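Visitor:
Spelled out as structure tokens, the structure:
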């Protein structure tokens, strides 16, 4: 019987230069699984706990040596010798070993690094690609990419209140063609911004961060770049927004400093309606604060038949919070981030619940990323249909796209691009 023979965690650097941990799981047949854990900047208050050293003099207190020790000692002592093909049992026992509601004993980063590495080791042992190991024969769908080409909010040093302005190349029959269109639009956006005298330095997720304050202005530049690239906005290319509105919410109002405006929850509903009438927006992520269930519900009621209302901080990849959203009709789609919940099995359960409930599913990176492409395989494994992995620059972002190109090539004629089904699924 194949068993886990060694477990080793180490400290590496993420895309922002902050430490994170990488975990190796070695099996008795010589197979190796390696996984690196990402880290967020705008994190929801209900996310699983990321364990850092805080008081350490190293890396300004951001080191993860405690989490590494938890992997190398407690997790090693508990799971060495275990069957690597029993992912759900291993993840269940990880949760029990930690014993806290939000994984603050071992750290969700320690737990997740091991959980992902086990899956990859098992896949390598069976000589299967990770997406095939997780999804089996039902895995066949390449996701629509949500490409973050203008950054704002916590991801950039400019006056744009909202965190991400994205394009979605939906109107294509192949992932590779969709990716190519996004790249062309991104490069033409750079030319437009340069001509207008803006800096074309990029934010944490690889999108441009021009010194603009107004959402409509940002979307206008994107619209120009789509046209300049020879594509049709509203037919082939659509727009998505990540508002990250929890970052804007204080004293019961949403304050848009860049636009010098302040909105109540009801007024913000109208703001979003107006923006969607002016631009072909098909997805808005976190349009309200993570505790503003009524705001989500009202916007879903008003425009949810034609726009994805996506919960990120609202749901934090947590099945219980998602159930509340389903029952409350708050949102109609969920963002999936492995490190918000802490194990692969819990992530899969949340994704399955969302799909069974007719919610859209978007597998997502974090702003502090690594070269690990686990989320690319995950998006295909469960036919998520959408992936959010940043812009068309920075290798921590493009690595995920490149992995999807490999998967598409591997699938051959069996590959199905979700853009073919997007509008039917959401009645948009």
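In this note's numbering, the protein residues as written are 11 to 438. Ideal Cβ placement from N, Cα and C applies to all residues, glycine included. In this text, all values refer to a predicted model and were calculated from it rather than measured experimentally.
Please name the residue, chosen from 172, 330 and 335, that lies closest to residue 321 on a Cα-to-Cα basis.
Guide: As a first step, residue 321 must be located in the chain shown, where it is residue number 311. Of the candidates 172, 330 and 335, the one whose C-alpha sits nearest the C-alpha of residue 321 is 335.
Visitor: Entirely within the stretch 343-383 and at least 3 residues each: give me those beta strand (DSSP E) ranges in chain order.
Guide: 343-346 and 370-374, all fully within the stretch 343-383.
Visitor: With a 10 Å radius around its C-beta and 16 neighbouring C-beta atoms as the bar for buried, classify residue 423 as buried or exposed.
Guide: Locating residue 423 in the chain shown gives position 413, counting from the first residue. When all chains shown are included, residue 423 counts as exposed.
Visitor: Alpha carbon to alpha carbon, how far is residue 420 from residue 304? Give it in angstroms, no decimals.
Guide: Within the chain shown, the letter at position 294 stands for residue 304. Within the chain shown, the letter at position 410 stands for residue 420. The alpha-carbon atoms of residue 304 and residue 420 are separated by roughly 44 Å.
Visitor: Whose CA, out of 68, 218, 209 and 431, lies closest to the CA of residue 396?
Guide: Within the chain shown, the letter at position 386 stands for residue 396. Nearest option by C-alpha distance: 431.
Visitor: Let me know if residue 150 comes out buried or exposed under the rule of 16 or more other beta-carbons within 10 Å of its beta-carbon.
Guide: Against the chain shown, residue 150 aligns to sequence position 140. The residue is exposed, with fewer than 16 neighbouring Cβ atoms inside 10 Å.
Visitor: Report the residue from 182, 175 and 83 whose alpha carbon sits nearest the alpha carbon of residue 241.
Guide: The residue labelled residue 241 in the question sits at position 231 within the chain shown. Nearest of 182, 175 and 83 to residue 241, Cα basis: 182.
Visitor: Write down every uninterrupted run of the alpha helix (DSSP H) in the stretch 76-162 whose length is 4 residues or greater and which is fully enclosed by it, in chain order.
Guide: 86-89, 97-108, 118-135 and 140-145
Visitor: Go through its chain and collect everything with a Cβ distance to residue 378's Cβ below 8 Å, but skip five positions before and after it.
Guide: Residue 378 sits at position 368 when you count from the first residue of the chain shown. Taken in chain order, the residues that qualify are 24, 25, 26, 28, 30, 48, 49, 50, 51 and 214.
Visitor: Could you say which of 280, 369 and 298 lies nearest to residue 318 if we only look at CA atoms?
Guide: In the chain shown, residue 318 corresponds to position 308, counting from 1. Nearest of 280, 369 and 298 to residue 318, Cα basis: 369.
Visitor: Measuring CB to CB, does residue 191 end up less than 9 Å from residue 239?
Guide: Indexing the chain shown from 1 puts residue 191 at position 181. Indexing the chain shown from 1 puts residue 239 at position 229. It is a contact, given that the beta carbons lie within the stated cut-off.
Visitor: Once you ignore the five residues that flank residue 425 on each side, which residues in its own chain have a CB closer than 6 Å to its CB?
Guide: Sequence index remark: in the chain shown, residue 425 carries index 415 (1-based). Result list for residue 425: 152 and 418, in chain order.
Visitor: Can you tell me whether residue 366 is buried or exposed, with buried defined as 16 or more other CB within 10 angstroms of its CB?
Guide: The sequence position of residue 366 within the chain shown is 356, counting from 1. Exposed, because fewer than 16 other Cβ atoms sit within 10 Å of the Cβ of residue 366.
Visitor: Starting from the C-beta of residue 174, find all residues in its chain whose C-beta is less than 6 Å away, skip the five residues before and the five after it, and write them out in chain order.
Guide: Here residue 174 refers to the residue found at position 164 of the chain shown. So the list reads 158 and 252, once near-sequence residues are dropped.
Visitor: Kindly indicate if chain D contains any beta-carbon less than 9 Å away from that of residue 325.
Guide: The question asks about chain D, but that chain is absent: this structure has only one protein chain.
Visitor: Does DSSP put residue 280 in a helix, in a strand, or in coil?
Guide: Numbered from 1 along the chain shown, position 270 holds the residue referred to as residue 280. The answer is helix: DSSP assigns residue 280 an H, G or I state.
Visitor: Just to check my reading of the structure: residue 403 and residue 216 have Cβ atoms closer than 8 Å, yes? What is that Cβ distance to the nearest angstrom?
Guide: Start at 1 with the first residue of the chain shown, and residue 403 comes out as number 393. Start at 1 with the first residue of the chain shown, and residue 216 comes out as number 206. That belief holds up - the Cβ atoms of residue 403 and residue 216 are roughly 4 Å apart, short of 8 Å.
Visitor: Among 35, 290 and 202, which has the Cα closest to the Cα of residue 123?
Guide: Counting from one through the chain shown, the residue named residue 123 turns up at place 113. Nearest option by C-alpha distance: 35.
Visitor: On the three-state DSSP scale, how would you describe residue 240?
Guide: Here residue 240 corresponds to residue number 230 of the chain shown, with the count starting at 1. Three-state result, residue 240: coil.
Visitor: Quick check: the Cα distance between residue 45 and residue 299, rounded to an integer number of angstroms?
Guide: On the chain shown, position 35 is the one that residue 45 refers to. On the chain shown, position 289 is the one that residue 299 refers to. Cα to Cα, the separation comes out at about 32 Å.
Visitor: Rounded to the nearest angstrom, how far is the Cβ of residue 341 from that of residue 310, given a contact under 8 Å?
Guide: Numbered from 1 along the chain shown, position 331 holds the residue referred to as residue 341. Numbered from 1 along the chain shown, position 300 holds the residue referred to as residue 310. Yes, they are in contact, since the Cβ atoms of residue 341 and residue 310 sit about 6 Å apart, within 8 Å.
Visitor: Do you know whose CA, among 115, 126, 82 and 110, lies nearest residue 101's CA?
Guide: Locating residue 101 in the chain shown gives position 91, counting from the first residue. Closest option to residue 101, judged by alpha-carbon separation, among 115, 126, 82 and 110: 126.
Visitor: Quick check on DSSP: helix, strand or coil for residue 218?
Guide: Taking the chain shown and counting its residues from 1, the one referred to as residue 218 is at position 208. Reduced to three states, the DSSP call for residue 218 is strand.
Visitor: Going by beta carbon distance, what residues of the same chain come within less than 6 Å of residue 389, once the five residues before and after it are set aside?
Guide: As a first step, residue 389 is located in the chain shown; it is residue number 379 there, counting from the start. The answer, listed in chain order, is 153, 373 and 397.
Visitor: Does the Cβ of residue 280 have 16 or more other Cβ atoms within 10 Å, making it buried, or fewer, making it exposed?
Guide: What you label residue 280 is simply residue 270 of the chain shown in a count that begins at 1. Residue 280 comes out exposed.
Visitor: For residue 180, name the three-state secondary structure that DSSP assigns.
Guide: As a position in the chain shown, residue 180 is number 170, starting the count at 1. Looking at residue 180 - three-state DSSP - the assignment turns out to be coil, as it is neither helix nor strand.
Visitor: For residue 87, which option in 162, 107, 99 and 68 has the closest C-alpha, if you only look at C-alpha atoms?
Guide: As a position in the chain shown, residue 87 is number 77, starting the count at 1. Residue 107 is the option with its Cα nearest to residue 87.
Visitor: In terms of alpha-carbon separation, which member of 232, 357 and 327 lies closest to residue 344?
Guide: Position 334 of the chain shown, counted from the start, is the residue given in the question as residue 344. Closest option to residue 344, Cα to Cα, is 327.
Visitor: Contact defined as beta carbons within less than 8 Å: I believe residue 54 pairs with residue 64. What is the distance between those atoms, to the nearest angstrom?
Guide: Taking the first residue of the chain shown as 1, we reach residue 54 at position 44. Taking the first residue of the chain shown as 1, we reach residue 64 at position 54. The Cβ separation is near 20 Å, so there is no contact.
Visitor: Quick check on residue 413: does DSSP put it in helix, strand or coil?
Guide: Reading the chain shown from its first residue, position 403 is the one you call residue 413. Reduced to three states, the DSSP call for residue 413 is helix.
Visitor: Classify residue 261: buried if its beta carbon has 16 or more other beta carbons within 10 angstroms, exposed otherwise.
Guide: Taking the chain shown and counting its residues from 1, one reaches residue 261 at position 251. Label assigned to residue 261: exposed.
Visitor: Between which two residues does the beta strand (DSSP E) holding residue 20 run?
Guide: Numbered from its first residue, the chain shown carries residue 20 at position 10. That run of the beta strand (DSSP E) goes 14-23.
Visitor: Alpha carbon to alpha carbon, how far is residue 288 from residue 232?
Guide: By 1-based counting over the chain shown, the position of residue 288 is 278. By 1-based counting over the chain shown, the position of residue 232 is 222. When rounded, the distance between both Cα atoms is 13 Å.
Visitor: Let me check you understand the geometry: is the CB of residue 135 closer than 8 Å to at least one non-hydrogen atom of the ligand PLP?
Guide: This structure simply doesn't include the ligand PLP, nor any ligand for that matter.
Visitor: To the nearest angstrom, report how far apart residue 258 and residue 371 are at their CA atoms.
Guide: The count along the chain shown starts at 1 and reaches residue 258 at position 248. The count along the chain shown starts at 1 and reaches residue 371 at position 361. Going by the C-alpha atoms only, they are around 25 Å apart.
Visitor: Just to confirm my understanding: we take residue 382, look at its own chain, exclude 5 residues before and 5 after, and list those with CB closer than 7 Å. What are they?
Guide: Residue numbering aside, residue 382 sits at position 372 when the chain shown is read from its first letter. Contacts found: 45 and 46.
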